[in-house]
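Reading through the structure tokens given below for one structure.
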Amino acid sequence: MQDKMNLLRELQEIDQEISTIEATRQGYQDELAVFGADASRVQAMLDELNEELAVLEQEESLLQQQMLKERDNVAKVESRLPEIQTQKEYVAVLKEIDMAKKANKDLSEKLQAKQLEISALRQDQQEKEQELAQLTEKADARGAELAALMNDSETVLGKRKETRTAVAKDVPGSLLRQYQMLFKRRGGLALVLARNGACLGCNMQLPPQQYNSLLRVADLQSCPHCNRLLYVEREV
Numbered sequence: 111m112q113d114k115m116n117l118l119r120e121l122q123e124i125d126q127e128i129s130t131i132e133a134t135r136q137g138y139q140d141e142l143a144v145f146g147a148d149a150s151r152v153q154a155m156l157d158e159l160n161e162e163l164a165v166l167e168q169e170e171s172l173l174q175q176q177m178l179k180e181r182d183n184v185a186k187v188e189s190r191l192p193e194i195q196t197q198k199e200y201v202a203v204l205k206e207i208d209m210a211k212k213a214n215k216d217l218s219e220k221l222q223a224k225q226l227e228i229s230a231l232r233q234d235q236q237e238k239e240q241e242l243a244q245l246t247e248k249a250d251a252r253g254a255e256l257a258a259l260m261n262d263s264e265t266v267l268g269k270r271k272e273t274r275t276a277v278a279k280d281v282p283g284s285l286l287r288q289y290q291m292l293f294k295r296r297g298g299l300a301l302v303l304a305r306n307g308a309c310l311g312c313n314m315q316l317p318p319q320q321y322n323s324l325l326r327v328a329d330l331q332s333c334p335h336c337n338r339l340l341y342v343e344r345e346v
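In terms of the working numbering, the sequence shown is residues 111 to 346.
If you want it as structure tokens, here you go:
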């Protein structure tokens, strides 16, 4: 019976090491995922800025075309002045020129406002590009470190799993299944020490008769409160 308990203690120690390694590896993967999520977030913002800029630049181009058209209109109307023969026609042409110049001024103001908007967006675009470049650089550097750590931990994990297989094959099947169920349900602590009449897994007192049986190592015992397997350390 003592041999079985020793095997379980060794198995639990190995399983705890494996769980720690796997948790550490998951932490590495989570860290990489954070880098990826941050880069995706900034890239999405950058894509949105690029789309906005494309629209604004198209609007800017249209305004510039309209301004050129209005300037041509002003030039054409002004070229007619020397040919005018009546006062009424002269006044009408001046009014047409005035309206064309006013339209051109309005377009100029709209164009300036649009260019200021584009300038602000380009500044945001540049900042996001720099942020993305920094994230990418940091992710590449840390990614190389994490890849090395993952490789090292994979080697250690493989060896520990091999050792676990060797130890587990000597544990009776029913006992192994019971242990594995408890290990999963009890947060990696299926087998616990009993001391001074109490289970150190849940800190509850054990029935005196059960504790005395543990001291004799008569048979396998489970805590009546948390169901963990119990063992005692024999005093030398």
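For each residue, glycine too, the CB sits at the ideal point set by N, CA and C.
It should be emphasised that the depicted structure is a prediction, and the values quoted were computed from it without experimental measurement.
Judged by DSSP in its simplified three-state form, Val203 adopts helix. Here Ala304 carries a strand assignment [DSSP, helix/strand/coil].
Gln235 and Lys271 have their C-alpha atoms some 50 Å from each other. Leaving aside the five residues that flank Lys114 on each side, the residues in its chain whose CB is nearer than 8 Å to its CB run, in chain order, Val281, Pro282, Leu285 and Leu330. Bounds of the alpha helix (DSSP H) holding Leu166 are Gln112 to Ser189.
By the C-beta density criterion, Leu191 is exposed, having fewer than 16 other C-beta atoms within 10 angstroms.
Apart from sequence neighbours up to five positions away, the residues of its chain that approach Ala210 with a beta-carbon distance below 8 Å are Glu180, Asn183, Val184 and Val187, ordered along the chain. Under the three-state reduction of DSSP output, Leu340 falls in the strand class. If you draw a straight line from the Cα of Glu241 to the Cα of Val152, it is about 8 Å long. Boundaries of the alpha helix (DSSP H) around Pro318: Pro318 to Arg326. Taking C-beta atoms as the reference points, Gly307 and Gln126 fail to come closer than 8 Å. Leu156 has its alpha-carbon roughly 56 Å from the corresponding atom of Asn313. If you draw a straight line from the Cα of Ala154 to the Cα of Ala276, it is about 51 Å long. Put simply, the backbone Cα of Gln195 is about 16 Å away from that of Glu206. For Val165 and Gln225, the gap between their C-alpha atoms comes out near 12 Å. Counting every other CB atom within 10 Å of its CB across the protein chains shown gives Ala258 a total below 16, marking it as exposed.
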